[in-house]
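Inspection log for the structure reproduced underneath, given as structure tokens.
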Amino acid sequence: MTLPSGVTVTAPRRKRAVSWTNATPYLLVAPAIVLVLMVQLGPMLVGIIISFFDLTRLYITNWSGAPFVALENYVTALSFASPVGGRFLQSVGITIAFTVIVVTLCYLLGMSAAVVLQRTFRGKGWFRTLFLLPYALPVYASVIVWSFMFQRDNGLINHVLVDTLHLVQDPPFWLLGDNAFWSMVIVAVWNRWPFAFLMLMAGLQSIPEEVYQASSIDGASVWKQVRYITIPMLAPVNFVLILMMSLWTFNDFNHPFVLFGPTPPPAANLISMHIYNNSFINWNFGLGSAMSVLALIFLLAASGVALWLNRRSNREL
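Position in the sequence shown counted from 1, then plus 1246, gives you this note's numbering.
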């Protein structure tokens, strides 16, 4: 049908339908965004605000009456020559060592188990279930069991070392002194290495077998297959796995709290426990919040460097 000249046709209903279609994704994710803002960003902003106030037990019933001290709490935490700053720096060093050791051991155990279970043998399903058992147990239950096993007089560890194997004469203290750090490492590795095993096994299974067969026909050795096939194709999995486990381990609170109680030995004083003690034992919420913000800045900087290095390596590939 021919329209007379000067007559324009508009389609308002179609434009409205298109606009609703564009807005639908935002409307669907809006409840999740609101919940994230309330649960995640809300307490974080309150903690940042508290770090600028001298919020101690004197003002615990009237937070608005706490005096504003600007950056004084940050200066106190970063004064490493003072007792408060020195203990904060020591807790950061212990936490970094704990994170590096736990993540490394979890990765090595997970990779070894994943490589072994790539082969077909009898009982493979049973081994896979057995390896996932520590990850399926609740953290609190498993740590409590380990705390009983680490008891000096009637624990299973000392019974095996002293009475069965006769490796030592005097039963050592596992939850006191320097051994407390290694006790915490053992429990954390036992709980978390199955997650590395799961991730790495999924990554290895995603590599096509035809790639290895073609490389074998071309004469590639096992080391060259690992160097030029396995490692590059596992790089995305490795990056996500190491980053996630590092963040979880650095912020670990459950293992030291359940294993040692609210006041851990100095050798196991992770930064999470140090902040907890300053906030809820010494009742200095301002200083504890300042230490939390400093830990957040450190983790953001470390994550940013890791993301930058990963993006740079991907470009080079």
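Note that the Cβ used here is the ideal one computed from N, Cα and C, for glycine as well.
Contacts around residue i, its chain only, beta-carbon distance under 6 Å, and the 5 residues preceding and following it disregarded
i: L1480; result: G1449
i: N1556; result: F1485
i: A1360; result: F1443, L1446, M1447 and L1450
i: G1401; result: M1395
Enclosing alpha helix (DSSP H) for residue i [first to last residue]
i: N1437; result: N1425 to Q1451
i: T1495; result: I1477 to F1496
i: L1422; result: Here L1422 belongs to no alpha helix (DSSP H), and DSSP marks it neither H nor E.
i: I1294; result: G1288 to I1296
i: W1469; result: V1468 to Q1471
i: Q1336; result: P1329 to V1362
i: Q1459; result: E1455 to I1463
i: L1505; result: N1500 to F1506
i: W1372; result: K1370 to A1382
i: M1519; result: I1517 to Y1522
i: M1395; result: V1385 to M1395
Close-in-space but distant-in-sequence residues of the same chain around residue i (CB under 8 Å, 5 per side omitted)
i: V1539; result: G1293, I1294, S1297 and Y1320
i: Y1381; result: N1437, R1438, P1440, F1441 and L1444
i: I1543; result: none
Close beta carbons around residue i, own chain, < 7 Å, minus the five adjacent residues each side
i: N1497; result: S1518
i: S1525; result: F1531 and G1534
i: M1247; result: Bear in mind that a pLDDT of 47 at M1247, under 50, signals an unreliable position, so the number given afterwards is only what the model happens to contain. Within the same chain, M1247 has no close Cβ partners at all.
i: A1548; result: none
i: L1643; result: A query on residue 1643 cannot be resolved here, the shown segment of the chain reaching from 1247 to 1563 and no further.
i: L1407; result: L1413 and V1414
i: L1553; result: none
i: T1457; result: With the sequence shown as reference, residue 1457 is identified as Val, and Thr is not the correct amino acid for it. Correct list, in chain order: I1475.
i: I1347; result: V1431
Pick from the options that is closest to residue i, judged by C-alpha positions
i: F1299; options: A1541, P1289 and G1311; result: G1311
i: D1416; options: D1424, E1318, F1427 and R1398; result: R1398
i: Y1353; options: M1491, G1423 and W1554; result: M1491
i: F1326; options: A1552, L1446, M1537 and V1551; result: M1537
i: V1315; options: S1328, Y1305, L1301 and L1376; result: L1301
i: V1338; options: L1555, L1516 and I1527; result: L1516
i: S1429; options: L1411, S1393 and L1407; result: S1393
i: I1342; options: V1431, M1447 and S1559; result: V1431
i: L1335; options: P1512, P1482 and R1558; result: P1512
i: I1306; options: W1529, S1559 and A1541; result: W1529
i: M1357; options: V1472, L1545, N1560 and R1561; result: V1472
i: T1350; options: F1499, I1488, I1527 and N1523; result: I1488
i: V1550; options: L1493, I1521, N1500 and L1281; result: Note on residue identity: the sequence assigns Gly, not Val, to residue 1550. Nearest of L1493, I1521, N1500 and L1281 to G1550, Cα basis: L1493.
Identity of the residues DSSP links to residue i by a beta bridge
i: N1530; result: T1302
i: F1314; result: F1299
Please determine if the segment 1388-1397 and the segment 1427-1439 are in contact, where contact requires at least 3 C-beta pairs separated by less than 8 Å. Enough Cβ pairs lie closer than 8 Å, so yes.
Does the segment 1364-1376 touch the segment 1422-1430, meaning 3 or more C-beta pairs lie closer than 8 Å? Output reads no: the segment 1364-1376 does not touch the segment 1422-1430.
Just checking, does the segment 1446-1463 make contact with the segment 1499-1509 on the three C-beta pairs under 8 Å criterion? Contact fails: fewer than three Cβ-Cβ distances are below 8 Å.
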